[in-house]
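Undergrad: Chains as they are written, first to last, in our numbering: chain L, 1 to 142; chain A, 143 to 284; chain B, 285 to 426; chain P, 427 to 568.
Built from N, CA and C at the ideal position, the CB exists for glycine as well.
Number of protein chains: 4
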Amino acid sequence: MSDKLAVARRCADAMWDKDQASQALGIKVEVPAAGTAVAKMKVRADMLNGLDVCHGGLVFALADTAFAFACNAYDEQTVAAAAQIEFLRPAMLDDRLVATAVEDHRGRKYGYYTVEVRNQSDTLVALFRGRAAGTGKSMLSG
Amino acid sequence: MSDKLAVARRCADAMWDKDQASQALGIKVEVPAAGTAVAKMKVRADMLNGLDVCHGGLVFALADTAFAFACNAYDEQTVAAAAQIEFLRPAMLDDRLVATAVEDHRGRKYGYYTVEVRNQSDTLVALFRGRAAGTGKSMLSG
Amino acid sequence: MSDKLAVARRCADAMWDKDQASQALGIKVEVPAAGTAVAKMKVRADMLNGLDVCHGGLVFALADTAFAFACNAYDEQTVAAAAQIEFLRPAMLDDRLVATAVEDHRGRKYGYYTVEVRNQSDTLVALFRGRAAGTGKSMLSG
Amino acid sequence: MSDKLAVARRCADAMWDKDQASQALGIKVEVPAAGTAVAKMKVRADMLNGLDVCHGGLVFALADTAFAFACNAYDEQTVAAAAQIEFLRPAMLDDRLVATAVEDHRGRKYGYYTVEVRNQSDTLVALFRGRAAGTGKSMLSG
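Listed below in structure tokens is the structure:
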């Protein structure tokens, strides 16, 4: 494993232990490479909205978790500054959603990420774009 | 109460009963007028992320709920097609968040809404913009 | 006229003299109050795209000019950091477009603005949202 | 040349002849593959705004042209429904800007594209995301 990936995974471990929100949603996260992340979530009954589909906010939350683990790979605490999501198809009860985050550009002030959320049929459910801002604080020696 | 508001509230009631996601997040919703909605949520420990602030996805979810109740006021099942959120300040444990949705424009195909999320100090936490698409199906006689 | 409006108009005058782009597009700008602006443009033949409607980039440019004059009202040079536009209807040759910018929120770091672009029938052509960032430099004593 | 690329280029030629706006801006377009496009523009004096940098609307217009030629590759007239742009760095007089559009996803109703705008130093100036909607009309037999 490269040093870069090792740092990314140590950051992910440090975040994960405290990430009660993602844990409560049953999300699982993997960091295949620095600047990327894969987050998985099964749509539970308590995630459905008034139209009997997965609440868009929880699809967003899944994507946002993938985004957070992708952008927090460099031992600098980094927060979401903004995000945009397109809902292409509804996610249904028991769907197994997979959110894959990749880094489009990492500049001086901001990083830009795209997250695709797909269901178990590999159909695109949502397309998410996030802008991340570094805080200047270390993640690992914080 | 105007007929228009009465319809909006009947739609809200119909949605609310099935909206397990918003209920699980402890959200409360009011519909002061057709095309508007106010949703409230207290930030719980199980809503915190790896940086000890409220998971951005759950701030989004609160705004998205307000958006859903604002746009589903006309007895037509209406879904979120896209949304954009700016995170201005973190929300902290026990913060009492209030999301207020207003209708900017309701056109033939889409409706456009702005949601402000404020904390108990009336400070703006997030600014959300949503695009809603009607499905052509009735909400009340569905 | 309030002092605030007087400053806004002096900033507008200072910008306008150098704004060759807006002048070349035949745009006219008014600043009715600090934080707002109205920009007008007639769609010329050299603004049409390959589908015989006004190039979306020029509709955006009109909205962006209104945005720039709305956010540069406080004697601080302020630039567009990001913007989002929804194209609701095409603008046609000879349409007289009016872009009206209002300030949604002005925070410590960023200002948020909405611009509506309407045609001569008062039909909404585009809905624009901009995020402005102050540079810390004076506009008037620069 | 593949049939697919041949169609894309015939569509591009058909659009280009009528695209007075892109021509007036001095833009040049190439279509290296269906679903992609490269558009180039030199920043002229009449493109500068009141802060002496290239008007953001014209940076957007360049990206939008690349987007239009990328999404109009399939012999169906396709229009921009929405777009989002992040301005990372100003573009200056005489800068030679290159906008490269790629297709992120092409679904039933909408196509999603990313356009990077870089200057002559290959520095990212703007990051653009567009949503395109097909009209159902042929481009070539129209």
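Using 7 angstroms as the limit for Cβ to Cβ distance, is Ile-27/L near chain A?
TA: No, its Cβ sits nowhere closer than 7 angstroms to a Cβ of chain A.
Undergrad: Can you confirm whether Asp-379/B, when its beta carbon is compared against all beta carbons of chain P, has any partner nearer than 7 angstroms?
TA: no
Undergrad: Let me confirm a value: Asp-445/P is counted as buried when at least 16 other C-beta atoms fall within 10 Å, else exposed. Which label applies?
TA: buried
Undergrad: Identify every residue that forms a DSSP beta bridge with Cys-196/A.
TA: Leu-190/A
Undergrad: Here's a check: name, in chain order, each residue in its chain whose Cβ is nearer than 6 angstroms to the Cβ of Lys-430/P, leaving out the five neighbours to either side.
TA: Ala-460
Undergrad: I'd like to know whether the C-beta of Lys-18/L is nearer than 7 angstroms to at least one C-beta of chain A.
TA: yes
Undergrad: The region 206–234 of chain A: which residues have C-beta closer than 8 angstroms to a C-beta of chain L, in chain order?
TA: Asp-206, Thr-207, Ala-210, Asn-214, Gln-219, Val-221, Ala-222, Ala-223, Ala-224, Ala-225, Gln-226, Ile-227, Glu-228, Phe-229, Pro-232
Undergrad: Please list, in chain order, the chain B residues whose beta carbon lies closer than 7 angstroms to that of Leu-204/A.
TA: Correct list: empty, because the minimum Cβ distance to chain B is about 18 angstroms.
Undergrad: Rounded to whole angstroms, how far is the Cβ of Leu-127/L from the Cβ of Asp-521/P, which I believe are closer than 8 angstroms?
TA: Wrong, their Cβ atoms sit about 30 angstroms apart, outside the cutoff.
Undergrad: Using only CA atoms, which one of Leu-282/A, Gly-276/A, Ala-233/A, Thr-265/A lies nearest to Val-185/A?
TA: Ala-233/A
Undergrad: Is Asp-388/B helix, strand or coil when you go by DSSP?
TA: strand
Undergrad: Per DSSP, which residues does Ile-369/B bridge with? Please list them.
TA: Phe-412/B, Ala-509/P
Undergrad: Taking the alpha-carbon positions, what's the Thr-462/P to Lys-182/A distance?
TA: 45 angstroms
Undergrad: Is the region 143–159 of chain A touching the region 119–139 of chain L, taking contact as three or more C-beta pairs under 8 angstroms?
TA: The region 143–159 of chain A, when compared against the region 119–139 of chain L, does not touch it at the 8 angstroms Cβ threshold.
Undergrad: From Val-149/L to Val-180/A, what does the alpha carbon distance come to, in whole angstroms?
TA: Beyond the ends of chain L as shown, which are 1 and 142, falls residue 149/L; an answer cannot be given.
Undergrad: If we count the other Cβ atoms within 10 Å of its Cβ and call it buried at 16 or more, is Gly-26/L buried or exposed?
TA: exposed
Undergrad: If you pair each beta-carbon of the region 358–367 of chain B with each one of the region 487–502 of chain P, do three or more pairs fall below 8 angstroms?
TA: With the cut-off at 8 angstroms, the region 358–367 of chain B and the region 487–502 of chain P do not touch.
Undergrad: Could you say which of Gln-368/B, His-339/B, Arg-373/B, Gly-341/B lies nearest to Asp-406/B if we only look at CA atoms?
TA: By alpha-carbon distance to Asp-406/B, the top candidate from Gln-368/B, His-339/B, Arg-373/B, Gly-341/B is Arg-373/B.
Undergrad: Leaving aside the five residues before and after Phe-60/L along the sequence, list all residues of the same chain whose C-beta is less than 6 angstroms from its C-beta, in chain order.
TA: Spatial neighbours of Phe-60/L in its own chain (CB-CB distance under 6 angstroms, excluding positions within 5 residues in sequence) are listed in chain order as Ile-85.
Undergrad: Does DSSP put Met-143/A in a helix, a strand or coil?
TA: The three-state secondary structure of Met-143/A, taken from DSSP, is coil.
Undergrad: Kindly indicate the opening and closing residues of the alpha helix (DSSP H) around Ala-308/B.
TA: 304–308
Undergrad: For Ala-14/L and Gly-192/A, what's the separation of their Cα atoms in angstroms?
TA: 8 angstroms
Undergrad: Just checking: is the beta-carbon of His-481/P within a distance shorter than 7 angstroms of some beta-carbon in chain B?
TA: With 7 angstroms as the cut-off, His-481/P counts as an interface residue toward chain B.
Undergrad: Opposite Met-325/B in the DSSP bridges: which residues?
TA: Leu-381/B
Undergrad: Quick one: list the residues of chain A neighbouring Leu-411/B, beta-carbon separation under 8 angstroms, in chain order.
TA: Asp-246, His-247, Tyr-254
Undergrad: Got a sec? Which residues, its chain only, sit under 7 angstroms from Val-195/A by beta carbon, not counting five neighbours each side?
TA: Pro-232, Ala-233, Met-234
Undergrad: Starting from the beta carbon of Asp-188/A, find every residue of chain L whose beta carbon is closer than 7 angstroms, and list them in chain order.
TA: Below the 7 angstroms Cβ cutoff, chain L contributes Gln-20, Ala-21, Ala-24 as neighbours of Asp-188/A, in chain order.
Undergrad: Which term fits Ser-22/L, buried or exposed, when burial requires 16 or more other beta carbons within 10 angstroms of its beta carbon?
TA: It is buried - the Cβ of Ser-22/L has at least 16 other Cβ atoms within 10 Å.
Undergrad: Residue range of the beta strand (DSSP E) that Gly-562/P falls in?
TA: Note, Gly-562/P: premise wrong, no beta strand (DSSP E); not H, not E.
Undergrad: To the nearest angstrom, report how far apart Arg-390/B and Tyr-396/B are at their CA atoms.
TA: 6 angstroms
Undergrad: Measure from the C-beta of Leu-550/P to each C-beta in chain L and report whether the shortest distance is under 7 angstroms.
TA: yes
Undergrad: Please report the distance separating the alpha-carbon of Glu-116/L from that of Lys-251/A.
TA: 25 angstroms
Undergrad: Given Ala-347/B, which residues of its chain have a CB within under 7 angstroms of its CB, disregarding the five upstream and five downstream residues?
TA: Here the set comprises Ile-369, Ala-383, Val-399, Val-401, Ala-410, Phe-412.
Undergrad: Given a cut-off of 7 angstroms on the beta-carbon distance, is the pair Phe-353/B and Ala-296/B in contact?
TA: Cβ atoms of Phe-353/B and Ala-296/B: closer than 7 angstroms.
Undergrad: So what does DSSP say about Val-257/A, is it helix, strand or coil?
TA: strand
Undergrad: Output the boundary residues of the beta strand (DSSP E) element that contains Glu-314/B.
TA: 312–314
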